Structures are given as structure tokens and as C-alpha cells.
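Asker: One structure coming up, written as C-alpha cells, with questions to follow.
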């Protein structure tokens with residue numbers, strides 16, 4: 001007979017039937033659940049370790065390439081031979097035609113962050129940077145931020161606001177006397193924070209994690225030298241718990257504020273109060289939608305700077321009748337575009353989640369393969385937030401080449417709404433918009449939070465259509481009627497704070513020292529019933545006392561990036577000597593859906609029975 005530790009060792013290689021034959025006790029329900037948790041936790045850890053090794057290897061490769069370029073530049077300068085400089089000269093006709101500001105940037109030879117000569121790649125990227133629309137507004141930006149503590153910046157997607165504005169803020173902070181403070185730029189999604197940080201590190205010619213870094217849940221790629229940090233809005237909120245005045249930062253940028261995430265709304269209320277107490281702090285609210293008047297009013301009628309994007313005309317197509325199955329209609333539209341459109345260009349298909357995306361990728365690939373060799377090649381790339389960073393970078397790969405018979409090769413990116421504004425994918429000419437996205441909706445009466453497929457807003461539809469006009473005129477195929485767009489869709493996305501469980505929000509606000517929740521300056525105040533339910537829950541969990549004050553246990557619970565119930569469970573496990581098991585259960589409850597989708601996608605039947613047992617147990 002095998003004990004539990006032996007089962008875990010052999011379970012890596014055995015099927016369930018083999019385990020049943022060697023271990024009759026596995027029929028016991030508690031043992032099945034314990035075994036299930038351990039096996040899936042081991043698989044998750046191995047995937048995380050592999051991802052970390054790949055990321056570290058990529059960083060080492062980039063570091064070696066950058067060091068090699070710098071060594072070559074130093075050798076060139078040491079030789080003192082008259083050679084053409086890598087930096088563009090202002091004596092050329094192209095350079096002399098540039099405005100003085102851009103000429104000065106191009107003439108910079110030494111990297112101010114490393115005191116080393118710039119690499120050739122820096123100048124290649126710089127030429128592209130100077131073509132971004134945002135550069136035409138640098139003087140206006142500098143004038144506004146010098147005279148005002150806070151202002152709103154509206155920049156259409158593709159204008160360059162997410163990468164360039166924080167760099168200008170770094171230059172401003174470095175030029176000020178006194179202690180050198182950092183610049184924080186928040187993003188609503190992890191993938192955006194990571195990818196933008198890597199891009200900006202390349203633009204200013206430094207290693208990611210040094211002068212430029214990022215901070216997301218469970219991963220901090222920054223150092224004491226970091227002066228520009230991209231982070232999720234939730235991470236900045238957690239920093240505010242330990243540093244209520246955010247003394248480390250001289251400029252804080254709330255990017256993609258139009259998405260109105262829970263953490264962004266709380267941050268706006270917190271920063272509005274911090275600005276009153278810190279005259280040296282600058283706050284910039286950046287949005288990709290033109291409806292920014294609400295942000296202006298909220299921040300005491302602050303200035304507004306509008307920057308147009310680099311877009312071309314986009315032709316909009318609607319369906320004559322509503323589609324019964326939007327997934328089937330979306331796949332059919334992609335196939336028709338690939339077969340019938342005579343101009344080159346990639347496709348961007350918006351779907352609601354990972355399961356739909358994986359299914360669509362498989363079906364598109366299968367149907368294109370069935371069309372025969374006369375049809376052009378197609379590269380299908382999924383994109384959602386839980387993909388490893390290496391796979392997310394595939395969206396920037398070039399499309400397949402033309403075939404000898406002239407058939408066009410296309411890249412098809414199948415994405416969640418992460419591609420609306422957070423990431424910019426060049427080369428997209430055709431956008432397919434089914435008109436749906438997933439949203440969290442909380443019912444305070446039955447205390448259940450659901451992830452529902454709901455119709456998008458008009459603002460989201462406009463953002464999706466704009467993806468098609470980045471490089472040349474494009475087309476957007478909306479899989480809904482024009483009447484539905486005009487009469488049924490809301491103008492803007494419903495703020496997350498009005499449709500979410502506020503247990504974690506109330507706990508965080510209490511940790512920040514904000515006791516009067518009724519008079520807290522929310523941009524959109526949540527329903528009183530939702531707040532009362534959250535207070536009742538926290539009091540029941542002993543996170544708040546009967547007077548509504550934060551207890552010692554509640555202060556400890558607020559440190560965990562978990563729902564209050566799970567945080568209480570983890571803390572209480574120490575008393576019952578079961579922390580190891582509770583940590584495994586908590587990890588699964590926080591990310592079980594991802595694990596099960598991966599197992600189903602890989603078709604690993606060895607764990608099929610385990611998955612069924614766990615779902616049955618939860619029901």
C-alpha cells in the first residue's frame with residue numbers, strides 16, 4: 001500500500017486507473033481532493049518555473065546584445081578616426097528641416113542614464129519616435145504641466161502618449177532641484193504594463209528592470225535605480241497603503257482611465273486628496289476617448305490637452321439582421337476576408353475570452369487548411385491576459401509571405417478587448433467586431449459575482465474600429481445591426497465600481513485611513529446597499545469591529561491581494577496547522593479556470609477524472 005507522498009511521486013507518471021489499482025484508498029473523497037490540489041499545483045509551479053527561465057534567458061540575451069553594441073561604440077570613439085556618426089547630423093537636409101526640439105534630441109550622443117554612447121538601435125527607434133503625433137505637442141505639454149498640478153490628456157490610440165509622455169515626465173523630474181523622485185504610470189492590464197515597459201526601456205537604451213521597470217501582481221521587475229515604473233493600477237494602490245502620500249513619486253500618470261476599472265476609480269479619489277497635501281506632486285489622467293469632460297470636472301476643472309492619433313479612414317459595415325451565433329459569424333467573416341479581399345492586410349478579431357479564442361483559432365486553421373494549397377497562408381495568433389509574455393509578443397510577428405501564385409498571406413490576431421487600447425498592433429487593416437465582451441457583475445442581494453457576456457459600449461466599438469486605420473485605410477465588420485449600435489448600446493462603459501463586490505475596496509480604503517466611506521469622493525458613488533453589504537461581510541470576518549474600525553486582523557488581511565474570505569482563510573490556517581493545504585486551495589480558487597482550460601486544451605486525459613472530481617466537489 002502506498003502512502004500519500006508515494007502517490008504524489010508516482011502520480012506524475014500514472015493514469016487514474018493505475019492509481020486506483022495500486023491505491024484503493026484514493027476512492028476516499030478527501031484524499032481525492034487533496035491529491036487533485038497537489039497535482040495541479042505541481043503542474044502550475046512547473047509552468048511558472050519554465051516561464052521564468054524563458055524570461056530570464058531573454059533578458060540575458062538582450063543584455064549581451066546591448067553590451068556588445070556599447071563596446072563597439074566605445075572602440076569606435078577610441079580609434080579617433082573620422083567615421084560617419086551613428087547619430088543623424090543636423091547638416092543633412094532632412095535634419096535641418098526638423099523643428100529645433102527634434103534636432104536637439106537627434107544630436108544627443110551620450111545616454112544620460114548610463115553615461116555611455118547610444119547604441120545604433122537607439123537612433124533607429126528614435127527616428128520612429130519623432131514621427132509620432134504626440135511630439136507635435138511637447139511644448140504645449142511642458143507648458144501645462146509646469147503651471148498646473150493636474151490635467152487631463154486625451155490621446156487617441158496610436159498617438160504615442162503611453163510611451164512618450166512618461167519619458168518627458170522623467171526629463172522634467174530629473175531637471176528639478178531637490179530629491180529625485182520617480183514617475184509612475186498605471187495600466188489596467190498586466191500585459192500592457194510589461195510590454196510598454198520593455199518598449200520604453202529599448203527607446204531610452206537601458207536594461208529593463210534598471211532605470212525602467214514594471215510591477216504587476218506577484219512580479220516586480222524594478223530596482224533602486226528605477227525612475228520610471230509601469231504598473232497595474234492595483235499595485236499603485238497597494239503602494240499607497242504603506243505610503244499614503246506616495247512620497248516616492250513626483251509624477252503619477254493614470255493611463256487608460258476611460259476603462260474605469262475599480263482600482264483606477266479608487267486611485268483618482270485618493271490622488272485628488274494627495275494633491276491637496278503635496279504641492280510638488282503632478283497627476284496626469286490619460287484617456288483614449290474624447291469624452292473627457294467628466295475627468296476635468298472631477299479634478300476641479302483642470303486643463304485638457306487633446307492629441308489626435310495617426311489614423312486613416314475606416315469603412316464600417318453592419319449586418320442586415322442580428323446574428324444568432326456571433327462566434328460562427330466571426331469565423332465565417334475571417335475566412336471570407338482571407339479568400340476574397342485583394343489587398344494585403346492583417347485581421348483583428350475581438351472575442352470575449354480564452355475559451356472562445358482557442359476554439360476560434362482551431363476552427364479558422366482547420367477551415368483554411370481544408371481550402372487547399374491555392375489559398376494564401378494564414379498565421380493565427382491568440383491574445384489574452386493569461387498568455388505567457390513570450391506568446392503575447394507573437395502579435396508583432398510579420399504575416400506569411402505571398403505564395404508564388406499571388407495568394408496573400410495574412411496574420412489573424414484573435415483577442416479579447418485587451419487590443420482595444422492597451423496594445424497597438426501595426427499592420428491591421430480588417431477588424432471583426434461581434435459587439436460583446438465579458439464583464440463582472442455583482443448582485444448584492446444574493447452576494448454572487450458573475451462573469452457575463454454583455455454588449456459593449458459605443459466608445460468601445462469606436463476604439464475597435466479605429467484599430468483598422470493605423471497604417472492605411474481599413475475596414476471594420478460589425479456583426480450587429482446599425483440600429484442596435486445607435487439605439488441599444490450605451491455611450492460609455494459602465495464603471496466597474498458600480499457592478500462589483502466592494503469587500504476588497506472597503507478593506508483597502510480602511511487600510512488607507514479613509515473611514516468616512518459615505519463621503520469619500522468617488523467619481524461615481526456606488527449604491528449604498530452594496531457598501532452596506534461589504535461592511536457587513538468584513539464585520540462578520542472580524543476585519544472590522546462593531547464601530548466600523550479596522551481590526552488588527554483586518555489590517556493583516558488587507559496585505560493579501562485576495563478576496564477578504566480567502567485572506568481570512570489563509571491567516572486562520574496557521575492556527576489549525578494546515579497552511580500548506582490552504583495555500584494550495586487558495587491558489588486554485590484564484591486561478592482554477594486557467595488550469596482547467598489548459599488541461600482541456602492539451603487533451604491530457606490522465607487528469608480528466610481529477611478535474612471532474614474537483615468540479616463536483618465545488619458544486
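In full-length UniProt numbering, the protein residues as written are 1 to 619.
For every residue, glycine included, the Cβ atom is placed at its ideal position computed from N, Cα and C.
Model, not experiment: these values are computed from the prediction.
Can you list, in chain order, the residues of its chain with a C-beta nearer than 8 Å to that of residue 339? Leave out the 5 residues immediately preceding and following it.
Answerer: 371, 375
Asker: Quick one, are the C-beta atoms of residue 263 and residue 162 less than 9 Å apart?
Answerer: no
Asker: Roughly how many angstroms lie between the CA atoms of residue 497 and residue 522, to the nearest whole one?
Answerer: 9 Å
Asker: Where does the unbroken alpha helix (DSSP H) through residue 200 begin, and where does it stop?
Answerer: 190-203
Asker: What do you get for residue 452, buried or exposed, if any count of 16 or more other CB atoms within 10 angstroms of its CB means buried?
Answerer: Of the other Cβ atoms in all chains shown, fewer than 16 fall within 10 Å of the Cβ of residue 452; this residue is therefore exposed.
Asker: Starting from residue 433, follow its DSSP beta bridges and name the residues at the other end.
Answerer: 478
Asker: Are the CB atoms of residue 549 and residue 503 within a distance shorter than 9 Å?
Answerer: no
Asker: Using the Cα positions of residue 154 and residue 575, report the straight-line distance between them to the nearest angstrom.
Answerer: 52 Å
Asker: At the level of alpha carbons, what is the spacing between residue 491 and residue 304?
Answerer: 21 Å
Asker: Can you tell me which of 553, 528, 529 puts its alpha carbon nearest to the alpha carbon of residue 633?
Answerer: Because the chain here runs from 1 to 619, residue 633 falls outside it and cannot be looked at.
Asker: For residue 81, which residues of its own chain have a beta-carbon under 8 Å away from its beta-carbon, when the five flanking residues on both sides are left out?
Answerer: A caution first: residue 81 carries a pLDDT of 39, below 50, which makes its placement in the model too unreliable to give a value.
Asker: Buried or exposed: which applies to residue 260, given that a residue is buried once 16 or more other Cβ atoms fall within 10 Å of its Cβ?
Answerer: Looking at its Cβ environment, which holds 16 or more other Cβ atoms inside 10 Å, residue 260 is buried.
Asker: Hey, could you find the ends of the beta strand (DSSP E) residue 125 is sitting in?
Answerer: Here residue 125 belongs to no beta strand (DSSP E); instead the alpha helix (DSSP H) covers 120-129.
Asker: Taking residue 270 as part of the beta strand (DSSP E), name the residues at either end of that continuous run.
Answerer: No beta strand (DSSP E) contains residue 270, which is instead part of the alpha helix (DSSP H) from 262-277.
Asker: Beta-carbon separation of residue 465 and residue 316 under 9 Å?
Answerer: yes
Asker: Answer yes if the region 424-435 comes into contact with the region 514-532, meaning at least three C-beta pairs across the two stretches below 8 Å, and no otherwise.
Answerer: The region 514-532 is not in contact with the region 424-435.
Asker: May I have the straight-line CA-CA distance separating residue 272 from residue 237, to the nearest angstrom?
Answerer: 13 Å
Asker: Assuming contact is defined by CB atoms lying nearer than 9 Å, are residue 425 and residue 349 in contact in what I supplied?
Answerer: Not in contact: residue 425 and residue 349 (Cβ atoms no closer than 9 Å).
Asker: Is it true that the CB of residue 226 sits closer than 9 Å to the CB of residue 209?
Answerer: yes
Asker: Are there three or more Cβ pairs, one per stretch, closer than 8 Å when the region 524-533 is compared with the region 295-304?
Answerer: no
Asker: Tell whether a beta-carbon distance below 9 Å holds between residue 169 and residue 132.
Answerer: no
Asker: Assuming residue 573 is part of the alpha helix (DSSP H), what are its boundary residues?
Answerer: 564-573
Asker: Would you say residue 160 and residue 134 are within 9 Å of each other, going by their C-beta atoms?
Answerer: yes
Asker: If you draw a straight line from the C-alpha of residue 94 to the C-alpha of residue 123, how long is it?
Answerer: Note on residue 94: pLDDT 45, under 50, position unreliable in the model; no value is reported.
Asker: Quick check: the Cα distance between residue 289 and residue 579, rounded to an integer number of angstroms?
Answerer: 46 Å
Asker: Name the residue from 336, 352, 345 whose alpha carbon lies nearest to the alpha carbon of residue 326.
Answerer: 352
Asker: Using three-state DSSP, classify residue 242 as helix, strand or coil.
Answerer: Here residue 242 carries a helix assignment [DSSP, helix/strand/coil].
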